[in-house]
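One line per chain: the protein sequences are A and B, in this order. Just add 390 to wherever you are in the first sequence, counting from 1, and you've got the working numbering. Just add 563 to wherever you are in the second sequence, counting from 1, and you've got the working numbering. Even glycine gets a Cβ: it sits at the ideal position worked out from N, Cα and C.
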Amino acid sequence: GDSVTQMEGPVTLSEEAFLTINCTYTATGYPSLFWYVQYPGEGLQLLLKATKADDKGSNKGFEATYRKETTSFHLEKGSVQVSDSAVYFCALKQGAQKLVFGQGTRLTINP
Amino acid sequence: DAMVIQNPRYQVTQFGKPVTLSCSQTLNHNVMYWYQQKSSQAPKLLFHYYDKDFNNEADTPDNFQSRRPNTSFCFLDIRSPGLGDAAMYLCATSRDPTDTQYFGPGTRLTVL
C-alpha cells in the first residue's frame, strides 16, 4: 500500500539556520502531498500542499516541491525561528482514500 | 473565521465511564473525520462521516462510536474507556472525500 517515510528526528537547530526535513513516498498513482505542523498540545495545521508533479507549495517561509522522479516532497525553510519548534508530518492522499501520514519529525529551534 | 472546533480541550474520565467528545465546524464541509493520536505517533483514522453515511475503519474497536446529528456537529462516544484509550482525539473536515482535510485543536483525554 501507499506509504510515507520521513527523516528521523528529533532535529535541533539554532535560530536562523537552514532547515530541510526529508520526505519520500511510495504510491501507485498520483497522490496529493501535504505538510502538516503540530505545535505542542495542539491539533494539526495544514502548512502547505501540492497536487501534481513539479508543483511547489509554500507558506510562512516554508517550501516543498513535488518531485515525481525522486518520489519526494522535502520541506525547507531558509531561516528558522524559535516559534517554528513543532512536530512536522508529511502526508499523502490518493483520491477518496484515507490520508497516509509519515511518522512525524520533531523540530526544536534554540535561540 | 471558518473553523473546526473541539470541546472540551481536556477531558478526564474514569476507567469504564462513558465519555463523549464533541466537534463542530463552520466550514459547511460534507465529510467529518475522527482520529486518535497517541504520544509521539501519527494520527490514526477511526472513522468518518460523508454526509449521513458512516464509514468505520476495519481496526477501530467496537468501544468507539460516532454520531452526526447534522452537518455541523459530530460526536465521538467511548462506551467504556480503558487506560489504553488515553490519547489526543482529533476531528477533521473536508469538502468531499478527495479534498484537503482541516483539523481542529484536539481533545486530550485522560483515563484514570
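At least 3 beta-carbon pairs within less than 8 Å: the stretch 621-631 of chain B vs the stretch 598-611 of chain B:
yes
When you compare each of A:474, A:485, A:499 and A:496 to residue 419 (chain A) by their alpha carbons, which one comes out closest?
In the first sequence, the residue the question calls residue 419 (chain A) occupies position 29. With distances taken between Cα atoms, residue 419 (chain A) lies closest to A:485.
Cβ-based neighbour list, residue 440 (chain A), same chain, cut-off 6 Å, excluding 5 preceding and 5 following:
As a working note, residue 440 (chain A) is residue 50 in the first sequence. So the list reads 423, 447 and 456, once near-sequence residues are dropped.
Using only CA atoms, which one of B:580, B:622 and B:611 lies nearest to residue 657 (chain B)?
To locate residue 657 (chain B), count along the second sequence from 1; it is residue 94. Here the closest residue by C-alpha is B:611.
Please report the straight-line C-alpha distance between residue 613 (chain B) and residue 460 (chain A), rounded to a whole angstrom.
What you label residue 613 (chain B) is simply residue 50 of the second sequence in a count that begins at 1. What you label residue 460 (chain A) is simply residue 70 of the first sequence in a count that begins at 1. In this structure, the straight-line span from the alpha carbon of residue 613 (chain B) to that of residue 460 (chain A) is close to 34 Å.
Against chain B, with Cβ distances strictly below 8 Å, would residue 492 (chain A) count as a contact?
Position 102 of the first sequence, counted from the start, is the residue given in the question as residue 492 (chain A). Taking Cβ atoms only, chain B reaches closer than 8 Å to residue 492 (chain A), which makes this a yes.
If we require 4 or more residues per run, which alpha helix (DSSP H) segments fall completely within the stretch 398-437 of chain A?
none
Let me know the secondary structure DSSP gives residue 472 (chain A) once reduced to three states.
For the purposes of this step, residue 472 (chain A) is taken as residue 82 along the first sequence, with counting starting at 1. Reduced to three states, the DSSP call for residue 472 (chain A) is helix.
Using 8 Å for Cβ pairs, my map puts residue 479 (chain A) next to residue 467 (chain A). What's the rounded Cβ distance?
Here the question's residue 479 (chain A) lines up with position 89 in the first sequence. Here the question's residue 467 (chain A) lines up with position 77 in the first sequence. About 16 Å separates the two Cβ atoms, so there is no contact after all.
Considering residue 464 (chain A), what are the terminal residues of the beta strand (DSSP E) in which it resides?
Numbered from its first residue, the first sequence carries residue 464 (chain A) at position 74. Looking at the DSSP string, residue 464 (chain A) is not in any beta strand (DSSP E), and its letter there is neither H nor E.
Using 10 angstroms around the beta-carbon of residue 573 (chain B), count the other beta-carbons present and answer buried if the total reaches 16, otherwise exposed.
If you number the second sequence from 1, residue 573 (chain B) lands on position 10. So residue 573 (chain B) ends up on the exposed side.
Taking 7 Å as the limit between beta carbons, can you name the residues of its chain near residue 575 (chain B), skipping five residues before and five after?
Indexing the second sequence from 1 puts residue 575 (chain B) at position 12. Same-chain partners within the cutoff: 673 and 675.
Look up residue 393 (chain A) in the DSSP assignment and give the residues it is bridged to.
As a position in the first sequence, residue 393 (chain A) is number 3, starting the count at 1. DSSP output for residue 393 (chain A) lists A:416 as bridge partner(s).
Per DSSP, residue 592 (chain B) is paired with what?
The count along the second sequence starts at 1 and reaches residue 592 (chain B) at position 29. Answer is none; residue 592 (chain B) lacks a bridge partner.
Alpha carbon to alpha carbon, how far is residue 648 (chain B) from residue 578 (chain B)? Give it in angstroms, no decimals.
Against the second sequence, residue 578 (chain B) aligns to sequence position 15. Against the second sequence, residue 648 (chain B) aligns to sequence position 85. Answer to the nearest angstrom: the Cα atoms are 10 Å apart.
Classify residue 494 (chain A) as helix, strand or coil using the three-state DSSP reduction.
Within the first sequence, the letter at position 104 stands for residue 494 (chain A). Here residue 494 (chain A) sits in coil by DSSP.
Between residue 407 (chain A) and residue 482 (chain A), which are expected to be in contact by the criterion C-beta below 8 Å, what is the C-beta distance as a whole number of angstroms?
As a first step, residue 407 (chain A) is located in the first sequence; it is residue number 17 there, counting from the start. As a first step, residue 482 (chain A) is located in the first sequence; it is residue number 92 there, counting from the start. Going by Cβ atoms, the distance from residue 407 (chain A) to residue 482 (chain A) rounds to 27 Å, so no, they are not a contact pair.
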